[in-house]
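In this note's numbering, the protein residues as written are 2 to 238.
Cβ atoms here follow ideal geometry from the backbone N, Cα and C, with glycine treated the same way.
Model, not experiment: these values are computed from the prediction.
Everything below concerns the one structure shown next.
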Amino acid sequence: RKDGSFFWAVVYTAALTGDATGAVCTALGIVIDITQRKWAEEALRQSEERFDLAMRGSNDGLWDWNIETDKMYFSSRWKEMLGYAEHELESQFSEWSHRVSPEDLSRVMTEMAAYLEKQIPVYQPIYRIQHRDGHYLWFLTRGIALWNEQGRPYRMVGTNADLTTQKQIEAELRQAKEAAELANRAKSTFLANMSHELRTPLNGILGFAQILQRDPTLTAKQLEHIKVIHRSGEYLL
Numbered sequence: 002r003k004d005g006s007f008f009w010a011v012v013y014t015a016a017l018t019g020d021a022t023g024a025v026c027t028a029l030g031i032v033i034d035i036t037q038r039k040w041a042e043e044a045l046r047q048s049e050e051r052f053d054l055a056m057r058g059s060n061d062g063l064w065d066w067n068i069e070t071d072k073m074y075f076s077s078r079w080k081e082m083l084g085y086a087e088h089e090l091e092s093q094f095s096e097w098s099h100r101v102s103p104e105d106l107s108r109v110m111t112e113m114a115a116y117l118e119k120q121i122p123v124y125q126p127i128y129r130i131q132h133r134d135g136h137y138l139w140f141l142t143r144g145i146a147l148w149n150e151q152g153r154p155y156r157m158v159g160t161n162a163d164l165t166t167q168k169q170i171e172a173e174l175r176q177a178k179e180a181a182e183l184a185n186r187a188k189s190t191f192l193a194n195m196s197h198e199l200r201t202p203l204n205g206i207l208g209f210a211q212i213l214q215r216d217p218t219l220t221a222k223q224l225e226h227i228k229v230i231h232r233s234g235e236y237l238l
C-alpha cells in the first residue's frame with residue numbers, strides 16, 4: 002500500500018494475444034484485496050484455538066445436537082469419559098439417552114423439554130450415566146439451544162462435567178455425619194439412662210446419710226465417717 006502497510010491479495014491473469022511463435026504478448030489480470038477475509042480467518046482460527054484450549058483445560062466433554070435430524074456430535078473427550086474410543090459410538094441422540102440411568106432419564110428429559118419450550122432459563126441437570134464397564138458416573142450437563150424465527154429449537158450445544166468423585170465425597174461425608182449423629186444419640190441415651198440409674202440409689206444414700214448425721218448416739222469419729230459418705234455421694238450426683 003501507499004502507506005507502507007501490506008495486504009492480502011489474490012491475482013488472476015489470462016493471456017489475450019500471442020505472436021506467430023505462440024509467445025504471449027498481452028495479458029490481462031485482476032487483483033482482489035482479500036485482507037478482510039484473511040483477518041476473519043485468523044480471528045476464527047484464534048477463537049477455535051482458545052475454545053480447544055479451554056475445553057482441554059476444563060476436562061469436560063463436548064456435544065452438539067441437531068434437533069431436526071437427531072444427529073449428535075460427541076467429542077473425543079466425551080466418549081473417553083464413558084470408556085469408548087473415537088469410532089465406537091454413532092452420531093445419534095440415542096447414544097446418550099440409552100445410557101442415562103432409568104431412574105434419572107424421565108426427570109432429565111422433562112427438564113430438557115421445559116428448557117426447549119423456554120419455561121426455564123437454563124438447562125443444567127445432574128444425573129447418572131452408564132460407563133462402558135457397567136458402573137454409573139455422575140454428570141453435570143450444561144446446554145444452550147438455538148431457536149429459529151418460528152420459535153422452534155433446531156440446535157443444542159453443551160458440555161458434560163464428571164461429578165463422580167465429588168458425589169462420592171458427598172456420600173462419604175453424609176455417612177460420616179449420620180454415623181456421628183447416631184453415636185451422639187446413643188451417647189445421649191446412655192447418659193440419660195446412667196443418670197437415672199445412678200440418681201435413684203444416690204438419693205437414697207444421701208437421704209440416709211443426712212438422717213444418720215442427726216443421730217445423737219454417734220461418736221465424733223462415726224459422725225465424720227458419715228459426713229465423708231455424704232460428701233462423696235454429692236460429688237457423684
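Residues of its chain near residue i, where Cβ-Cβ distance is below 8 Å and the 5 sequence neighbours each way are ignored
i	result
I227	A210, L213, Q214 and L219
L237	L199 and L203
Beta-bridge pairing of residue i - partner residues as DSSP gives them
i	result
M73	W66
G30	T14
Q93	K72
V109	Paired residues: none, contrary to the question.
Separation of residue j from residue i, as counted between CA atoms
i	j	result
L106	N60	24 Å
G144	A114	12 Å
R156	W9	35 Å
M73	L174	37 Å
S196	Q223	30 Å
A187	A181	10 Å
L29	V12	10 Å
T22	I31	26 Å
A221	T201	29 Å
A193	H231	23 Å
Buried versus exposed, by CB contacts within 10 Å (16 or more), residue i
i	result
F75	buried
Q83	A small fix is needed here, since residue 83 is Leu in this sequence, not Gln. Looking at its Cβ environment, which holds 16 or more other Cβ atoms inside 10 Å, L83 is buried.
G208	exposed
T160	buried
Beta carbon of residue i nearer than 9 Å to that of residue j
i	j	result
V109	Y128	yes
Q125	V101	no
L164	P154	no
V158	W66	yes
T142	A162	yes
Own chain residues within Cβ distance below 7 Å of residue i, not counting five before or after
i	result
F94	W66, D71 and M73
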